[in-house]
Structure formats: structure tokens, C-alpha cells
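Note that the sequence shown covers residues 1 to 319 in UniProt numbering.
Yeah, the Cβ is synthetic: ideal placement off N, Cα and C, and Gly gets one too.
To keep things clear, I will list the structure first and then write my remarks on it.
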Amino acid sequence: MRRIAILTSGGDAPGMNSAIRALTRKAIHEGFEVFGIERGYLGIMEEQFIPLSNRSVGGIITQGGTMLKTARFPEFQNEDIQRKAYDILKAHGINHLIVIGGDGSMRGATSLAELGMSTMTIPCTIDNDMGGTQYTIGFDTALNTVVDAVGRIRDTSNSHERVAIVEVMGRKSGHIALKAGLACGAEIVLVPENPMPLHEVCRHLKETQIRGKEYSVILVAEGAYNSGEVKSYIKKHTEFDPSLTVLGYLQRGGGPSAFDAILAARMSETCIDLLMNGTDNRLLGYIDGHIRPISYQEAELLDFPINEKDYTLLSILSS
Ligand code: ATP
């Protein structure tokens, strides 16, 4: 019987469990034997292989996090370690490795593919910062979490007529900040791709006050500025004394939205179908509403940056 192994790697994201469940059940349905590898690439080296069955993945579809645990294992960039991992996978009789994670995790899969391993990558990170796909599983859930949290902060900022700074995740990308800003009506969004200078932020806040707005919400993507420095700068250069909330890991937790859980199910189905048809070493991309197999090389080149039009729209709507 042909063997599939599944691992989750990098930051956890809502929908990882949905993908583990769907991959396992679809693969078993098609006659594969399925193993989970705990703690990402580290788990290959430590031979943490566990058999997965329809029952062992029961009850996880709506749970956040990953039942397979995840790890950051930077040593996996070392070619000797990659070769050892390849040997371990072969020794366990693994025919195909399915990696669930972000762009770093996909690079790990790429290096194993270059050694001859058959791999697939399911894009799963809250940051939505991967090449080759317009959408990563987990982004929609994180966005909804941010919008909910900012709504609550906005209520209290309104009552106290204060400026509220909210730091959101996204690593070097402004996808979460910009989309959340549009969804919750933030006055200012600071993204790493095009960070507004802080003196402009101060000017904007003063104008907002003159226009009669009693409070403002500023979303700071973690990759744009140190949010503590934004707070200090505003305090020093204006009469405002902003509050600061760092949403942090709150954004990574929680069960997946319906959109993320359904996308995980559909990508998993496509992944197994592709493997059965002899296509491997692909990222499952979500492009213009369709799931498409994208070669790792193409994924590295196919960038989907933040939409500048969203930024302009946000400025118009926050007036
Ligand atoms: P997220 O951005 O959501 O945290 P990610 O998959 O991008 O997800 P990383 O920490 O960048 O997270 O990568 C996860 C793991 O993938 C690393 O700990 C490492 O084991 C492996 N990895 C990352 N980059 C490479 C690379 N260039 N070559 C081989 N393996 C890599």
C-alpha cells in the first residue's frame, strides 16, 4: 500500500486541523496508508511518525492549532540535514510527503523534492504572505478575529474619545492590517509595503480631530513599525495620548471560519487527486477563485502583493 505522510510546520493557523482531517480521510478513501509526523521537519529527524486513521482525526475539524504540533527548525536549511530527512522518510516507506504551512515550510518541501521526494504543499498561514496563491488557509479566520477585537477596542476608544493603536500580525506583509482596516473602518493603516511616515500620521490625526471625529483607530502591521514607538511619537508630537493593544497570538488561535475549513477540504481533495494522477511537487494555489497546482519555482516568482486600491479606498472611507 502506498504511504502518505503529513506534517504541519511554521506558525500554526486555523484550518491546519481541517486539512489534516480531510487529507487523511480522502487519502484513506483512495487506498493510501497515512502517517502524521509531529513537530514539522524536526519530527522527521526525530522519527515522530504516528499512524493516522479516520477515527484518530475525528473531532478536530473545528479546533484551532494543529493536532500534529508544529515547530520552527531553522537547521532544516542545511543540506546534510535535508539528505538525512530524505533517508528517514524513505526508510519509513513514505511515498509522498504533504506539508501544511507557509512559504518557509514550502521551501523545506522544495529541498526534499530536489532530492527526489514526492511532495505537495497546502498553503496555511494567517499572514497570507505566500507566493503562488492569493489566499492561504487561516487568513480569513485571523481577519475575523482582528475585526472582532478592533470593534471592541473601538467601543471603548469612542467612549473615552481616544486614539487607539492596535498592532496586528502579518510578518513582512500588510495583508491582515489592510483588509482588517477596510473591514472595521480604521482611520489609519500602517503597512510594511508602504509605511506612512509618522509625521504624516500625526498630521492626519489632527485633521481628523478638526473634522469632528472624537476618536481614531490606527492599525499597525507588525512589519511596518514598532507599535510602541508609534505610540511614543504621537504622544510627543501631538496632544493625543494613544492606547496601545498588541493582539499577538490571539490572532492565531480559534477554530477555522467556514471559508477556511471548506478551502482546506477542497485543497486536500485536489492534493490527493493530483498525487493519484502522477502530479507532485506543487503548491495548491488559490487564484481567482480556483484551486490550481503551482510548481514551487513558479510559486516563488508569483507574488500577490497588497492591493493599492484597497489602501486608497480606505483613505476615502475613513474621512
Ligand atoms: P509562517 O510564516 O506562518 O510562520 P512558515 O512556513 O513561513 O509559516 P517559517 O518559520 O518561515 O514558517 O518556516 C517553517 C520551517 O520550514 C522552518 O522552521 C524550517 O524548518 C523550514 N524552512 C524554512 N525555510 C527553509 C528553507 N529555505 N529551506 C529548507 N527549509 C526551510
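Subject >> Exposed unless 16 or more other CB atoms sit within 10 angstroms - verdict on residue 75 >> reply: What you label residue 75 is simply residue 75 of the sequence shown in a count that begins at 1. That one is exposed.
Subject >> Identity of the residue in 139, 66 and 49 nearest residue 89 by Cα >> reply: Walking along the sequence shown from the start, residue 89 turns up at place 89. Minimum Cα distance to residue 89 is reached at 49.
Subject >> Integer-rounded CB distance, given that residue 223 should sit under 8 Å from residue 173 >> reply: To locate residue 173, count along the sequence shown from 1; it is residue 173. To locate residue 223, count along the sequence shown from 1; it is residue 223. With a Cβ gap of about 7 Å, residue 173 and residue 223 count as contacting.
**OP:** Name the residue from 286, 250 and 314 whose alpha carbon lies nearest to the alpha carbon of residue 129.
**Re:** Numbered from 1 along the sequence shown, position 129 holds the residue referred to as residue 129. Here the closest residue by C-alpha is 286.
Original post:
According to the neighbour-count rule (16 or more other Cβ atoms, all chains shown, within 10 Å of its Cβ), is residue 83 buried or exposed?
Top reply: The sequence position of residue 83 within the sequence shown is 83, counting from 1. It counts as exposed.
Subject >> C-alpha gap between residue 268 and residue 141, whole angstroms >> reply: Locating residue 268 in the sequence shown gives position 268, where the first residue counts as 1. Locating residue 141 in the sequence shown gives position 141, where the first residue counts as 1. Each residue's Cα considered, the two are about 18 Å apart.
Subject >> Same chain, Cβ closer than 7 Å to residue 108, neighbours up to 5 away in sequence not counted >> reply: Reading the sequence shown from its first residue, position 108 is the one you call residue 108. Counting only Cβ-Cβ distances below 7 Å, and skipping sequence neighbours, we find 9, 41, 76 and 99.
Subject >> Element boundaries [alpha helix (DSSP H), containing residue 5] >> reply: Taking the first residue of the sequence shown as 1, we reach residue 5 at position 5. That residue, residue 5, is in no alpha helix (DSSP H); its beta strand (DSSP E) goes 3-8.
Original post:
residue 245 by DSSP, collapsed to three states: which one?
Top reply: By one-based count along the sequence shown, residue 245 stands at place 245. Looking at residue 245 - three-state DSSP - the assignment turns out to be strand.
Original post:
Thinking C-alpha only, which one of 319, 303 and 253 is nearest residue 135?
Top reply: Counting from one through the sequence shown, the residue named residue 135 turns up at place 135. Considering only alpha carbons, the answer is 303.
Subject >> Among 64, 73, 288 and 46, the one whose alpha carbon lies nearest that of residue 20 >> reply: As a working mapping, residue 20 is identified with position 20 in the sequence shown. It is 64 whose Cα lies nearest to the Cα of residue 20.
Original post:
Any idea if residue 17 is buried or exposed, counting beta-carbon neighbours within 10 angstroms, 16 or more meaning buried?
Top reply: Taking the sequence shown and counting its residues from 1, one reaches residue 17 at position 17. Buried, because 16 or more other Cβ atoms sit within 10 Å of the Cβ of residue 17.
Subject >> residue 101 versus 258, 54 and 66, residue with shortest Cα-Cα distance >> reply: Reading the sequence shown from its first residue, position 101 is the one you call residue 101. Among 258, 54 and 66, the Cα nearest to that of residue 101 is on 66.
Original post:
Span of the beta strand (DSSP E) holding residue 147?
Top reply: Residue mapping note: residue 147 aligns to position 147 of the sequence shown, counting from 1. Per DSSP, residue 147 belongs to no beta strand (DSSP E); it is in the alpha helix (DSSP H), 139-160.
Original post:
Who's in the neighbourhood of the ligand ATP, going by beta-carbon under 5 Å from any heavy atom, listed in chain order?
Top reply: 9, 10, 11, 41, 72, 73, 76, 77, 101, 102, 103, 104, 105, 107, 108, 111 and 125
Subject >> Whole-angstrom C-beta distance between residue 6 and residue 23, which should lie under 8 Å >> reply: Residue numbering aside, residue 23 sits at position 23 when the sequence shown is read from its first letter. Residue numbering aside, residue 6 sits at position 6 when the sequence shown is read from its first letter. That pair is a contact at about 6 Å.
Original post:
From what residue to what residue does the alpha helix (DSSP H) around residue 32 run?
Top reply: As a first step, residue 32 is located in the sequence shown; it is residue number 32 there, counting from the start. Unbroken run through residue 32: none, as it is neither H nor E.
Subject >> Simplified DSSP assignment, three categories, for residue 220 >> reply: Walking along the sequence shown from the start, residue 220 turns up at place 220. Residue state, collapsed to three classes: strand.
Original post:
Mind checking whether residue 110 and residue 249 have CB atoms under 8 Å apart?
Top reply: Along the sequence shown, one-based indexing puts residue 110 at 110. Along the sequence shown, one-based indexing puts residue 249 at 249. Against a cut-off of 8 Å, the Cβ pair of residue 249 and residue 110 comes out as no contact.
Original post:
Do we get a CB-CB distance below 8 Å when we pair residue 231 with the residues of chain D?
Top reply: The structure shown has no chain D; it contains just one protein chain.
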